[in-house]
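Input: a single structure, listed below in structure tokens.
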Amino acid sequence: MKNKKQLSEEEKAEPESYYFELQASWGLTKHMGGLEATRKLIEACHIDKDSYVLDVGCGVGITACYLAKEYGCKVVGVDLSEMMVKRSNERAKRKGVDGRVEFRVADAQNLPFKDGIFDAAISESVNAFMKDKQKAVSEYVRVIRPGGYMGFNEATWVETPPSELVEYLSRGLGGAEFLTPDGWKSLLESAGLTDIVARSYKTGAWRQWASEVRQMNPRDYLGAWGKFLSLCFKSPAARKWVKEISIPPRSVFRIFKYFGYGLYVGRK
Ligand SMILES: C[S@@+](CC[C@H](N)C(=O)[O-])C[C@H]1O[C@@H](n2cnc3c(N)ncnc32)[C@H](O)[C@@H]1O
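For the sequence shown, the numbering used here assigns the number 1257 to the initial residue and increments by one for each residue that follows.
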């Protein structure tokens, strides 16, 4: 048996520190509500072909590339993880949109952009991971022009959850802290936005799964899971994470009684 000193860095890491690196290496990031939620967010932020859009916490670049391809707009995606940015660039090339979308490494809480340069700033399933959520929202607002829109799609407690569920999801999902609809909405109000729209939705395990498959397309989705299985085979960190999050299937279905998502949009 190895002692602590002999363990690799990967084996020693806490689940939250490698959660996103695992996602990047298997090439799959996701958010609640999948493509339907993304479309609603795009519409609520009034994004069209002339918009210049910032996608904060872009993950493997699915929404940024979708915007560039389907709406024809110019997009900048930022993510804290270098590996995510690499995956996003690969995706943009594969999708033939690398001329309209660019990616860079940046922290949502300290964006490397001048004030007022974007028409819209969006983020999907990112703010739950922020240490300082209000600072992040203030940054999104700072970089959009007056009259521009800021909107996010976030996992939301649609019913008061048991404390073990809060603790389990935070541990399994990179230390995330999820809010109620009022909690998320108040971030927009405190940032001085107007015309605020806040809508929350319930979903279910099957519906969530189907929406993820649709968002990625079935071939990419299966490929990502194939990569994940091979990663589990090779990487102790991946196995450790899977062990941490494993619960009986019945409990997975029960999570969705409390755990839904919401769209939160405001105008500068
Ligand atoms: C759950 S994933 C969602 C990715 C993508 N928006 C999607 O819907 O597929 C969260 C993403 O936020 C990124 N992230 C976490 N903290 C961040 C921060 N402070 N600044 C920028 N990105 C961050 C992670 O690296 C990860 O790619």
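Even for Gly, the Cβ is constructed at its ideal location relative to N, Cα and C.
| Query | Result |
| --- | --- |
| Report back the beta-carbon spacing between tyrosine 1457 and glutamate 1468 to the nearest angstrom; my notes put them in contact at under 8 Å. | No, tyrosine 1457 and glutamate 1468 are not in contact; Cβ-Cβ is about 15 Å, not under 8 Å. |
| Mind checking isoleucine 1503: buried by the 16 CB within 10 Å criterion, or exposed? | exposed |
| Would you say the beta carbon of aspartate 1354 comes nearer than 7 Å to a heavy atom of ligand 1? | no |
| By the 10 Å Cβ neighbour count, where 16 or more other Cβ atoms means buried, how is aspartate 1481 classified, buried or exposed? | Looking at the sequence provided, one finds tryptophan at residue 1481 rather than aspartate. Classification for tryptophan 1481: exposed. |
| Report yes if the C-beta of threonine 1285 is less than 7 Å from at least one heavy atom of ligand 1; otherwise report no. | yes |
| Rounded to the nearest angstrom, what separates glycine 1389 and phenylalanine 1434 at their Cα positions? | At residue 1389 the sequence reads lysine, which differs from the glycine that was named. Using only the alpha carbons, I get a separation of about 11 Å. |
| So, with DSSP's three-state summary, where would you put isoleucine 1400? | strand |
| Leucine 1449 to aspartate 1363, Cα distance in whole Å? | 22 Å |
| Using the C-alpha atoms, what's the distance from proline 1417 back to tyrosine 1322? | 33 Å |
| Does leucine 1435 come out as helix, strand or coil in the three-state DSSP assignment? | strand |
| If threonine 1522 and leucine 1444 are in contact, beta carbons under 8 Å, what's the gap, nearest whole angstrom? | Per the sequence shown, the amino acid found at residue 1522 is glycine instead of threonine. So it is a contact: roughly 4 Å between Cβ atoms. |
| Could you give the uninterrupted runs of the alpha helix (DSSP H) lying entirely in the stretch 1350-1423, keeping only those of 4 residues or more? | 1389-1399 |
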